[in-house]
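Q:
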Amino acid sequence: MSEAKAKYLAAKAAFEETFEKHLQNGVEFISDQVFIDPEVEIAPGAVILPGCILRGKTVIGANCVIGPNTLLENTIVEAGSTVNASQCYDSHLGPNNKIGPFTHVRTGTVTDEGVHLGAYVETKNANFAEGNTVSHLTYIGDADVGKYCNFGCGTVTCNYDG
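Here my numbering is used: the first residue of the sequence shown is 12, the next is one more, and so on.
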């Protein structure tokens, strides 16, 4: 057996154990076409759709819908949130958020309750208070955003100092 095949079989066995653990704990999967690191925590009632990659110290709250085709790495997603066809890294998404599709949530992003980050939105090191809406085609970086703000299409906030 080749070394590559041995690694694949070991990874497959670890995945099957992790997948079964989450199934037994009340997590709903539409398909087994997902990847889940063993340290990922998923609360009962969460739904994981096909094509998801859940890595590192990711935590998913109850009644979340993740996917399809979503990558979460070291990201906390609080209860009732949806993350659709997006990538999130080293971030904290508050309860009842709606993220995606095609959103890139970069390191240091923190959202409060009821935040919407929509299509083709990118964030980095940004804090969003309750009720913010960033619907589409927007970059929010290095920003602290107060409650109930609405960003229009094409908005850019950034802090680049060379």
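Virtual Cβ for every residue (Gly too), placed ideally from N, Cα, C.
Fair warning: this is a prediction, and the values are worked out from it, not measured in the lab.
Where does the unbroken alpha helix (DSSP H) through L82 begin, and where does it stop?
A: No alpha helix (DSSP H) holds L82; the beta strand (DSSP E) holding it covers L82 to E84.
Q: When you compare each of A130, H147, T118 and G129 to N138 by their alpha carbons, which one comes out closest?
A: Comparing Cα positions, the closest option is T118.
Q: Across which residues does DSSP place V121 in a beta bridge pair?
A: H103 and N138
Q: Using 10 angstroms around the beta-carbon of G129, count the other beta-carbons present and answer buried if the total reaches 16, otherwise exposed.
A: Classification of G129: buried, given that the 10 Å Cβ count is 16 or more.
Q: Does the separation of the CB atoms of V132 and N143 fall below 8 Å?
A: no
Q: Drop a sphere of 10 angstroms on the beta-carbon of D123, count the other beta-carbons inside from all chains shown, and report buried for 16 or more, exposed for fewer.
A: buried
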